[in-house]
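Enquirer:
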């Protein structure tokens with residue numbers, strides 16, 4: 001029996017107009033603000049259980065990046081599918097909500113680079129950080145770029161697989177949870193927004209936008225973010241990490257540990273990329289306890 005999206009994701013949809021495009025976001029609960037940023041190829045659905053758990057005492061802002069989730073999925077003629085635009089979108093959303101207090105950032109996958117790029121622009125607005133299998137710096141030198149990503153990034157075969165067969169979204173749903181694999185019904189909800197060639201444009205463009213070498217588009221930007229995040233070393237930080245992630249693996253975790261040795265770290269040796277789904281039984285209580293313990297200063 002198929003899972004009911006409305007039951008799994010029982011939230012009111014909100015939209016910000018971005019030059020005629022509908023930018024979808026959740027705005028649930030009241031209290032100190034928590035901004036949760038998803039990656040590729042997921043959507044705000046990834047954070048549903050965390051929102052349900054903490055919205056009784058926190059205000060949860062959870063956008064769907066353009067091309068993802070319930071946001072519009074325009075062609076390249078109407079939207080620039082690049083990192084700087086993603087950061088600008090987030091800035092417009094948070095400015096439109098007139099958030100005056102400091103916020104907590106929860107980031108996963110591409111959400112780490114987008115969120116930390118925004119944070120480097122506005123360091124005074126960051127209260128604490130929750131890091132879930134992500135990066136905010138160039139590919140670590142010891143980390144080989146995965147062949148599957150290279151095919152998607154650089155070849156016509158990758159385009160056909162991602163946009164024609166939804167291989168990226170389907171593959172991520174199958175391998176993203178290692179310890180507690182998703183049911184077919186749950187995988188279908190993760191894949192739901194990506195149901196056509198047109199609606200898979202962001203899934204491909206995210207991969208194509210990965211800067212690997214000097215001279216690549218936005219390589220200078222990710223280096224600037226990499227330099228800038230060190231200023232957050234004194235803030236409360238929680239890292240929850242699935243160690244069987246084939247992209248954000250031990251090389252990325254080691255980089256976070258080197259930069260933030262005081263961060264509270266919880267490793268999950270048998271879990272995969274979708275750590276918040278794979279080990280929700282443990283990770284969500286850890287986040288809740290961290291949020292309740294690290295009292296806001298404003």
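In the UniProt record's numbering, the protein residues as written are 1 to 298.
Even for Gly, the Cβ is constructed at its ideal location relative to N, Cα and C.
Can you check whether the CB of residue 71 is closer than 8 angstroms to the CB of residue 64?
Expert: A contact, by the Cβ cut-off of 8 angstroms.
Enquirer: Got a sec? Which residues, its chain only, sit under 6 angstroms from residue 117 by beta carbon, not counting five neighbours each side?
Expert: Excluding residues within five positions, the ones whose Cβ falls inside 6 angstroms are 87 and 225.
Enquirer: Pick from 33, 28, 242 and 5: whose alpha carbon is nearest that of residue 126?
Expert: Among 33, 28, 242 and 5, the Cα nearest to that of residue 126 belongs to 33.
Enquirer: Is the beta carbon of residue 163 sitting closer than 8 angstroms to the one on residue 204?
Expert: Contact: yes.
Enquirer: Between which residues of its own chain and residue 3 is the CB-CB distance below 7 angstroms, once the five residues before and five after are set aside?
Expert: So the list reads 185, 186 and 189, once near-sequence residues are dropped.
Enquirer: Take residue 179 as the anchor and find which of 147, 269 and 9 has the nearest alpha-carbon.
Expert: The residue with the shortest Cα to Cα distance from residue 179 is 269.
Enquirer: If you draw a straight line from the alpha carbon of residue 28 to that of residue 58, how long is it in whole angstroms?
Expert: Approximately 8 angstroms between the Cα atoms of the pair.
Enquirer: Do residue 99 and residue 60 come within 8 angstroms of each other at the CB atom, strictly closer than that value?
Expert: Their beta carbons are not under 8 angstroms apart, which means residue 60 does not touch residue 99 by this criterion.
Enquirer: Can you round the beta-carbon distance between residue 24 and residue 67 to whole angstroms, since I take them to be within the 8 angstroms contact cut?
Expert: With a Cβ gap of about 11 angstroms, residue 24 and residue 67 do not count as contacting.
Enquirer: Can you determine whether any heavy atom of the ligand MG sits closer than 7 angstroms to the C-beta of residue 46, and answer yes or no?
Expert: By its list of ligands, the structure shown contains no ligand whatsoever, and the ligand MG lies outside what it can speak to.
Enquirer: I need the boundaries of the beta strand (DSSP E) containing residue 182, first residue and last residue.
Expert: Residue 182 -> no beta strand (DSSP E), and no H or E assigned at all.
Enquirer: If you count every other CB in all the chains shown that lies within 10 Å of the CB of residue 289, and 16 or more means buried, which is it?
Expert: Counting Cβ neighbours within 10 Å, residue 289 comes out exposed, since fewer than 16 surround it.
Enquirer: Among 103, 96, 109 and 73, whose alpha-carbon lies nearest the alpha-carbon of residue 299?
Expert: Nothing about residue 299 can be read from this structure; the chain reaches only from 1 to 298.
Enquirer: Identify the continuous beta strand (DSSP E) that holds residue 68 and give its terminal residues.
Expert: Residue 68 -> no beta strand (DSSP E), and no H or E assigned at all.
Enquirer: Given a cut-off of 8 angstroms on the beta-carbon distance, is the pair residue 242 and residue 271 in contact?
Expert: Yes. Within cutoff.
Enquirer: For the stretch 252–270 and the stretch 136–155, state whether three or more C-beta atom pairs, one from each stretch, are separated by less than 8 angstroms.
Expert: Yes, they touch.
Enquirer: If you follow the beta strand (DSSP E) that residue 241 is in, where does it begin and where does it stop?
Expert: 237–242 is the extent of the beta strand (DSSP E) around residue 241.
Enquirer: Could you check where the beta strand (DSSP E) with residue 14 kicks off and where it finishes?
Expert: Element bounds for residue 14: 14–18.
Enquirer: Of the residues 145, 133, 8 and 206, which one's Cα is nearest the Cα of residue 169?
Expert: Taking only the C-alpha atoms, the option nearest residue 169 is 206.
Enquirer: Taking C-beta to C-beta, are residue 131 and residue 237 nearer than 8 angstroms?
Expert: Their beta carbons are under 8 angstroms apart, which means residue 131 touches residue 237 by this criterion.
Enquirer: I'd like the span of the beta strand (DSSP E) that includes residue 133, first residue to last.
Expert: 126–134 is the span of the beta strand (DSSP E), which, as asked, contains residue 133.
Enquirer: Starting from the C-beta of residue 113, find all residues in its chain whose C-beta is less than 7 angstroms away, skip the five residues before and the five after it, and write them out in chain order.
Expert: Correct list, in chain order: 83, 135, 136, 222 and 225.
Enquirer: Just the C-alpha distance for residue 298 and residue 101, rounded to the nearest angstrom, thanks.
Expert: The predicted position of residue 298 is uncertain, since its pLDDT is 40 and thus under 50; a value taken from the coordinates is nonetheless stated next. In a straight line, the C-alpha of residue 298 is about 7 angstroms away from that of residue 101.
Enquirer: Are residue 246 and residue 146 close, meaning C-beta to C-beta below 8 angstroms?
Expert: Cβ distance < 8 angstroms, so residue 246 and residue 146 count as in contact.
Enquirer: DSSP three-state call for residue 139: helix, strand or coil?
Expert: Of the three classes helix, strand and coil, the one that applies to residue 139 here is coil, per DSSP.
Enquirer: Within 10 angstroms of its Cβ, does residue 122 collect 16 or more other Cβ (buried), or is it exposed?
Expert: With fewer than 16 other Cβ atoms within 10 Å, it is exposed.
Enquirer: Which residues mark the beginning and the end of the alpha helix (DSSP H) in which residue 203 is found?
Expert: From DSSP, the alpha helix (DSSP H) with residue 203 extends over 201–208.
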